[in-house]
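Enquirer: Numbering (our numbering), first residue to last: 21 to 349. C-beta: ideal position from N, C-alpha, C; glycine also.
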Ligand code: DAH
C-alpha cells in the first residue's frame with residue numbers, strides 16, 4: 021500500500037504514531053531520500069529535492085488531518101466510557117469542629133456579655149510585675165518559684181493566670197471597669213489533671229458601691245447559665261489579690277450532689293476563686309476603699325470542660341484526635 025494510503029487508513033493514534041516515525045523520523049523515508057541526494061548531480065539534485073519537499077508537505081498535511089480525526093475519535097470514545105453517573109452520592113468533605121475548649125470559652129463569653137461584661141484580651145508573655153507584684157503576691161510566695169513559673173531572662177514570664185488582665189484594665193481604664201478575659205496560661209505541670217498550657221478566665225467588676233452580694237449574684241447567674249440545675253456555695257479561701265476571698269463550689273452535675281467518683285463523694289465540685297479586690301491592689305492605682313470597691317473572680321476552663329463532658333484525663337483534650345473532638349460537636 022502506498023504510504024499516503026497507509027496514513028489515510030490508520031485506525032488508531034498508535035498506528036498513526038508508528039507511521040509518523042516511519043515517514044518523518046530521523047531514519048524515516050524522507051530522511052533516507054534526502055540522504056540519497058548527495059549521489060546526484062546538481063540539476064538532478066535540485067529537481068529531486070523539490071519533489072521530496074513537496075511530497076513531505078503533502079504527507080504532513082494528510083498526517084495532521086488524520087491526527088485531528090483520530091484525536092477527536094479517541095476523545096469521543098473516552099467521554100463515552102467515562103460518562104458521569106449523576107446518581108452516585110457525593111464524596112464527603114471532612115470538616116473540622118470547634119475544640120471543646122473553644123466552645124466553652126465562647127459559652128463563657130456570651131454568658132458574661134449578657135450580664136453586661138466587656139470581653140478583653142491580654143498577652144501571654146507578661147511582666148513579673150503584672151503577674152505577681154501588682155497582684156500583691158509576696159516575693160516569697162511559692163507560686164513564684166522556678167518550678168511553678170516559666171520565666172524569661174528579662175523580668176518577663178509566661179503568665180501563670182489570666183488575673184494579669186485585671187491589672188492591664190486598671191492601668192488603662194477608670195472605673196466603672198466590668199470585664200472578663202479568657203485565654204492561655206502556663207505552669208510547669210503535667211499529669212491527668214494538669215498540662216503546661218491550659219486556659220483560664222478572669223473577671224473584674226470595679227464599680228462604685230459593689231458588694232460581696234453582687235459578686236454572689238453574678239457568679240450564681242453565670243454558673244446556672246452553664247449548668248441550669250446546679251446549686252452553688254461559697255467557701256472562705258485566701259488569695260493575695262482579694263480580701264475577703266472565697267471559692268465557689270457547684271453541686272456535682274454527675275450525681276446531682278448525691279456523691280460520686282467525680283466529686284470524690286462530696287457532692288460538690290470546686291469551680292472558681294473570687295473575692296473583693298484587695299485594697300493592696302487598688303492602692304497601686306491610687307484608689308482607697310472609700311473611693312471604690314470591686315470584686316474579681318477566676319477559673320480554669322479545662323476543668324469546666326472535663327466536668328461538662330465527663331472527661332477524666334485532661335491530656336485527651338490536646339491529642340488532636342478527631343474522634344474525641346467530633347463527640348462534642
Ligand atoms: N488567679 C487565681 C488562680 O490562678 C484564680 C483567681 C482567684 C482569680 C480569685 C481571681 C480571683 O480573679 O479573684 O488560681
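Please report the Cβ distance between residue 325 and residue 162, rounded to the nearest whole angstrom; I am assuming they are in contact, meaning their Cβ atoms lie under 8 Å.
Expert: Actually they do not touch by this definition, with Cβ atoms about 27 Å apart.
Enquirer: If we count Cβ pairs, one from each stretch, closer than 8 Å, do we get three or more for the stretch 203 to 222 versus the stretch 168 to 179?
Expert: Enough Cβ pairs lie closer than 8 Å, so yes.
Enquirer: What are the boundary residues of the beta strand (DSSP E) that includes residue 140?
Expert: That residue, residue 140, is in no beta strand (DSSP E); it is neither H nor E in DSSP.
Enquirer: Rank 191, 146 and 198 by C-alpha distance to the C-alpha of residue 228 and give the top, closest one.
Expert: Of the candidates 191, 146 and 198, the one whose C-alpha sits nearest the C-alpha of residue 228 is 198.
Enquirer: Report yes if the CB atom of residue 183 is closer than 8 Å to the CB atom of residue 222, and no otherwise.
Expert: Yes.
Enquirer: Once the 5 residues before and after residue 357 are set aside, which same chain residues still bring their CB inside 6 Å of it?
Expert: In this structure the chain extends from 21 to 349, so residue 357 is not present and cannot be described.
Enquirer: If we count the other Cβ atoms within 10 Å of its Cβ and call it buried at 16 or more, is residue 89 buried or exposed?
Expert: Label assigned to residue 89: exposed.
Enquirer: Find out if the Cβ-Cβ distance for the pair residue 263, residue 296 is shorter than 8 Å.
Expert: It is a contact, given that the beta carbons lie within the stated cut-off.
Enquirer: Per DSSP, residue 204 forms a beta bridge with which residues?
Expert: Looking at the DSSP assignment, residue 204 forms a beta bridge with 219.
Enquirer: Does DSSP put residue 118 in a helix, in a strand, or in coil?
Expert: In this structure, residue 118 counts as coil in the three-state DSSP scheme.
Enquirer: Beta carbon of residue 261: closer than 7 Å to some heavy atom of ligand 1?
Expert: Because some heavy atom of ligand 1 lies under 7 Å away, the Cβ of residue 261 counts as near it: yes.
Enquirer: Is the stretch 255 to 273 close to the stretch 285 to 300, with three or more CB pairs under 8 Å?
Expert: The answer is yes - the stretch 285 to 300 touches the stretch 255 to 273, with three or more Cβ pairs under 8 Å.
Enquirer: Distance check for residue 56 and residue 30, CA to CA, integer angstroms please.
Expert: Looking at the two C-alpha atoms, the distance is approximately 28 Å.
Enquirer: DSSP puts residue 171 in a beta bridge; with which residues?
Expert: Per DSSP, 177.
Enquirer: Cβ atoms of residue 33 and residue 96: under 8 Å apart, would you say?
Expert: Going by C-beta atoms, residue 96 is not nearer than 8 Å to residue 33.
Enquirer: Is the Cβ-Cβ distance between residue 230 and residue 164 less than 8 Å?
Expert: No.
Enquirer: Given 7 Å as the limit, tell me if residue 317 has its C-beta closer than that to any heavy atom belonging to ligand 1.
Expert: Within the cutoff, so yes.
Enquirer: Residue 158: which of 260, 341, 309 and 302 sits nearest, CA to CA?
Expert: The candidate whose alpha carbon is nearest that of residue 158 is 260.
Enquirer: How many angstroms separate the CA atom of residue 105 from the CA atom of residue 35?
Expert: Cα-Cα distance, rounded: 32 Å.
Enquirer: When the distance is taken between beta carbons, is residue 131 closer than 8 Å to residue 224?
Expert: Going by C-beta atoms, residue 224 is not nearer than 8 Å to residue 131.
Enquirer: Along the chain, which unbroken stretches of the alpha helix (DSSP H) at least 4 residues long are found entirely within the stretch 270 to 303?
Expert: Runs found: 299 to 303.
Enquirer: Taking the alpha-carbon of residue 141 as reference, which of 200, 27, 245 and 79 has the nearest alpha-carbon?
Expert: Checked all of 200, 27, 245 and 79; the closest Cα to residue 141 is 200.
Enquirer: Is any heavy atom in ligand 1 found nearer than 7 Å to the beta carbon of residue 181?
Expert: Flag set: Cβ of residue 181 near ligand 1.
Enquirer: I'd like to confirm the pairing. Which residues does DSSP put opposite residue 252 in its beta bridges?
Expert: Answer by DSSP bridge pairing, in chain order: 270.
Enquirer: Do you know how far the Cα of residue 21 is from the Cα of residue 62?
Expert: For residue 62 and residue 21, the distance between alpha carbons rounds to 32 Å.
Enquirer: Between the Cα of residue 174 and the Cα atoms of 160, 156 and 149, which residue gives the shortest distance?
Expert: Minimum Cα distance to residue 174 is reached at 149.
Enquirer: Following a CB-centred definition, is residue 222 positioned closer than 7 Å to any heavy atom of ligand 1?
Expert: Checking the Cβ of residue 222 against ligand 1 gives yes.
Enquirer: Could you tell me whether any non-hydrogen atom of ligand 1 is closer than 7 Å to the CB of residue 347?
Expert: Because no heavy atom of ligand 1 lies under 7 Å away, the Cβ of residue 347 does not count as near it: no.
Enquirer: Between which two residues does the alpha helix (DSSP H) carrying residue 242 extend?
Expert: 232 to 246 is the span of the alpha helix (DSSP H), which, as asked, contains residue 242.
Enquirer: Does residue 144 come out as helix, strand or coil in the three-state DSSP assignment?
Expert: Of the three classes helix, strand and coil, the one that applies to residue 144 here is coil, per DSSP.
Enquirer: Any heavy atom of ligand 1 closer than 7 Å to the Cβ of residue 314?
Expert: No, Cβ of residue 314 sits at least 7 Å from all heavy atoms of ligand 1.
Enquirer: Confirm the yes/no value for this check: CB of residue 276, any heavy atom of ligand 1, distance under 7 Å.
Expert: Result no, Cβ not under 7 Å from ligand 1.
Enquirer: Would you check if the distance between the CB atom of residue 11 and the CB atom of residue 294 is smaller than 8 Å?
Expert: Residue 11 cannot be examined here, being either before or after the span of the chain that is shown, 21 to 349.
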